[in-house]
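Chemist: Protein chains in written order, with this note's numbering: chain A, 6 to 87; chain B, 4 to 223.
Cβ coordinates follow ideal geometry from the N, Cα and C atoms, glycine included.
Fair warning: this is a prediction, and the values are worked out from it, not measured in the lab.
Right, I'll just put the structure down here and ask away after.
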C-alpha cells in the first residue's frame, strides 16, 4: 500500500528555511502568515506498514531534530470480506 | 602507529587527511566496503558528501560495512576523529551526541576560523592547553551543531565540549558556539572545521596537525 511520512523540524529548533518562506510571502502580497515550517514528504509503497515506525526511527527521520507522522490509507473493506 | 582514513563514494577530503596522518605516522586508506580496519591504531572519518548526502547529511554512510567496524573500534576505546561530514556521520551513527543542521544562513560557509580549546578530556586534545586558540579553516553548509539543553549541560559538565568557535558571527549558528564534541570516554572527537587542511605553514596554519600528533604521541 501507499504510505506517506511527513517529516518536520522539531518545535523550538530554528528553521531558517521556514523563516525564509515566511519573509518572502508578504513580498508577494500574502499577509497574515506566521509560524511557517518546511519539512519533507516521503511517499513509499510498503507491504508491511507496521515497519514504518522503525524505518522512521532508523533512517527516514533523525528523531533528535525531527518529528514525523506516518499516514497509512484506511482501505475500505471489500464487499463480502469478513 | 597506523592511522586509517575512511573514504565513501562522495568523500573528497581523504587526500588531505591521508597527508596529515602521514606526517605523524603511517597513513592507511580504508574503503567504505571494508569490513575490517586493516589493523589501524586510529581512524579518521574525513569530510565530503558521502553517498551524495541524500536524505540527510551522514544518514546513509553510517550503514556502510566500514562504519560497523569503526563503531566496534570506537566502543573498544580506539581513537576516532570525524571531520565535517565525518562529524555528521558519527552523530548519525550515535557515536557522538547531537546533530548537525543546515547553517542558519542556508549558505556554504568557508573561512579560516579561530577555535578555543575547552577540554583536554579527549585523546585528540590531551597535550593541548585549555584556553589556547587554534586557527583552522571551516567549509560547510550543514555545520549548525544542535543538542537538547539537558544534553548540552551533560556535555559541558563532562568536558565533552572540546572546541568552540571564537567567531562573531558564527559560520553556522551552532548552539553554545560548539565547534567540536567528544564522547564520554574521550576517544571519539567530531568537529566541523578541517584540521587536515591546517598541517603546514604554507597554507597559513599548522595548528590542525596538533590533533593528529596528539593521538600519534599517545599511541607511540
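1) Tell me which residues of the stretch 24-37 of chain A have at least one Cβ-Cβ distance to chain B shorter than 8 Å, keeping chain order.
2) I'd like to know if residue 56(A) contacts chain B, where contact means its C-beta is closer than 8 Å to some C-beta of that chain.
3) Starting from the beta carbon of residue 78(A), find every residue of chain B whose beta carbon is closer than 7 Å, and list them in chain order.
4) Say whether chain B places a C-beta atom closer than 8 Å to the C-beta of residue 49(A).
5) Do the CB positions of residue 31(B) and residue 7(B) come within less than 8 Å of each other?
6) Tell me, which residues are paired with residue 138(B) by DSSP?
7) So with CB distances below 8 Å, who are the chain B contacts of residue 11(A)?
8) What is the DSSP secondary structure of residue 60(B), counted as helix, strand or coil?
9) Determine contact between the stretch 125-141 of chain B and the stretch 171-191 of chain B, defined as no fewer than three beta-carbon pairs at a distance below 8 Å.
10) In three-state DSSP terms, what is residue 94(B)?
11) Among 12(B), 43(B), 146(B) and 38(B), whose alpha-carbon lies nearest the alpha-carbon of residue 63(B)?
12) Closer than 8 Å by C-beta to residue 33(B): which residues in its own chain qualify, once you throw out the five before and the five after it? Chain order, please.
13) Look up residue 6(B) in the DSSP assignment and say whether it is helix, strand or coil.
14) Going by beta-carbon coordinates alone, are residue 146(B) and residue 103(B) separated by less than 8 Å?
15) Figure out for me which residue from 200(B), 149(B) and 217(B) has the closest Cα to the Cα of residue 91(B).
16) Can you pull out the residues from the stretch 135-150 of chain B whose beta carbon lies closer than 7 Å to at least one beta carbon of chain A?
17) Quick check on residue 191(B) - is its C-beta less than 8 Å from some C-beta in chain A?
18) Name the one or two DSSP bridge partners that residue 45(B) has.
19) On the CB-based measure, 16 or more other CB atoms within 10 Å of its CB, does residue 60(B) come out buried or exposed?
20) From residue 10(A) to residue 52(A), what does the alpha carbon distance come to, in whole angstroms?
21) At a cut of 8 Å, does the stretch 106-113 of chain B reach the stretch 173-188 of chain B through at least three beta carbon pairs?
22) What are the residues of the stretch 43-63 of chain B that lie near chain A, defined by any Cβ-Cβ distance shorter than 9 Å?
23) List, in chain order, every chain A residue whose beta-carbon is nearer than 9 Å to that of residue 25(B).
24) What residues in the stretch 57-70 of chain A have a beta carbon less than 7 Å from any beta carbon of chain B?
25) Going by CA-CA distance only, name the one from 118(B), 75(B), 29(B) and 116(B) that's closest to residue 97(B).
26) Given that a residue counts as buried once 16 or more other Cβ atoms are within 10 Å of its Cβ, and exposed if not, what is residue 199(B)?
27) Suppose the cutoff is 8 Å on Cβ atoms and the five residues either side in sequence are ignored; what does the same chain contact list for residue 72(B) look like?
28) Going along chain A, which residues have a C-beta under 9 Å from residue 176(B)?
29) Quick check on this structure: which residue in 77(B), 80(B), 56(B) and 78(B) has the alpha carbon closest to the alpha carbon of residue 87(B)?
30) For residue 4(B) and residue 212(B), I'd like the C-alpha separation in whole angstroms.
31) Please look up how many angstroms separate the CB atoms of residue 204(B) and residue 116(B), rounded, as I've assumed it's under 8 Å.
32) What residues from chain A crowd round residue 105(B), counting only those whose CB sits closer than 8 Å?
Modeler: Put simply:
1) 25
2) no
3) None at all; the shortest Cβ gap to chain B is about 24 Å.
4) Cβ-Cβ to chain B under 8 Å: no for residue 49(A).
5) yes
6) 117(B)
7) In chain order: nothing, as chain B lies at least about 15 Å away.
8) Note: residue 60(B) maps to coil in three-state DSSP.
9) yes
10) helix
11) 12(B)
12) Excluding positions up to five away in sequence, the list reads 7, 8, 9, 10, 40, 41, 43, 46 and 69.
13) Residue 6(B) falls in the strand class under three-state DSSP.
14) Their beta carbons are under 8 Å apart, which means residue 146(B) touches residue 103(B) by this criterion.
15) 149(B)
16) 149
17) Cβ-Cβ to chain A under 8 Å: no for residue 191(B).
18) 6(B)
19) buried
20) Straight-line measurement puts the Cα of residue 52(A) at about 15 Å from the Cα of residue 10(A).
21) Taking a cut-off of 8 Å on C-beta distances, the stretch 106-113 of chain B touches the stretch 173-188 of chain B, as three or more cross pairs fall below it.
22) 58, 59, 62 and 63
23) Neighbours of residue 25(B) on chain A: none; closest Cβ ~35 Å, over 9 Å.
24) 64, 67, 69 and 70
25) Selection 118(B), 75(B), 29(B) and 116(B) evaluated against residue 97(B) yields 75(B) as nearest (Cα-Cα).
26) buried
27) 37, 38, 39 and 40
28) 19 and 21
29) 56(B)
30) Spanning the two alpha carbons is a distance of roughly 16 Å.
31) 17 Å between Cβ atoms; not a contact.
32) 21 and 22
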